[in-house]
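Numbering (our numbering), first residue to last: 48 to 173.
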C-alpha cells in the first residue's frame, strides 16, 4: 500500500489465514519490513535459518525428507494445500480418501514392518 497498490498474488487471501487478520492488516496497511525471525514468530514461515548455515540446513532437510515415506508426504502436502479453501466437511472427506491411499501403499507396510522389527525403514516412495 506504500506506493498506491494493494497486496497481490494472493497476499490478501493467504496472509490473514497464516498469521491472523489483525497482523495481516497491519502488515498490508503499514508496509513495514519484516525480518526472517519476525516472520518465523508470526507463523509466516516454518523456520528462519541464518545465512552462514543456509546451505547445510537446506541439505539436511532435503536428506531427511528423501528418507521419509515420500508418497505419504506428497498426500500430506496435497491435503494441507487443499485445507486453505475446503470446508471442514470437505477436508475430512479428503483426509479419508488420502488415508486410504496411504494405507494401501508399500511405504506404509514398510513403516509398520520396520517398527515391529525395531529397525530403520527403507521407503521406496510407493
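Note that the Cβ used here is the ideal one computed from N, Cα and C, for glycine as well.
| query | result |
| --- | --- |
| Nearest residue (CA-CA) to residue 77, options 84, 69 and 111 | 69 |
| Near the ligand FAD: residue 153 beta-carbon under 7 Å from a heavy atom | Questions concerning the ligand FAD fall outside what the structure shown contains, since it holds no ligand whatsoever. |
| Residue range of the unbroken alpha helix (DSSP H) whose run includes residue 64 | 58 to 66 |
| CA nearest to the CA of residue 142, picked from 126, 131, 50 and 156 | 126 |
| Residue interval of the alpha helix (DSSP H) (run including residue 86) | 83 to 89 |
| Residue 57, buried or exposed, once every other Cβ within 10 Å from all chains shown has been counted against 16 | exposed |
| Cβ pair residue 153, residue 161 closer than 8 Å | no |
| Residue 117 and residue 172 closer than 8 Å at C-beta | yes |
| Residue 71 vs residue 84 beta-carbon contact at 8 Å | no |
| Three-state secondary structure assigned by DSSP to residue 134 | coil |
| Close beta carbons around residue 93, own chain, < 8 Å, minus the five adjacent residues each side | 87 |
| Span of the alpha helix (DSSP H) around residue 53 | Premise fails: residue 53 is in no alpha helix (DSSP H) and is neither H nor E. |
| DSSP-derived helix/strand/coil call for residue 169 | coil |
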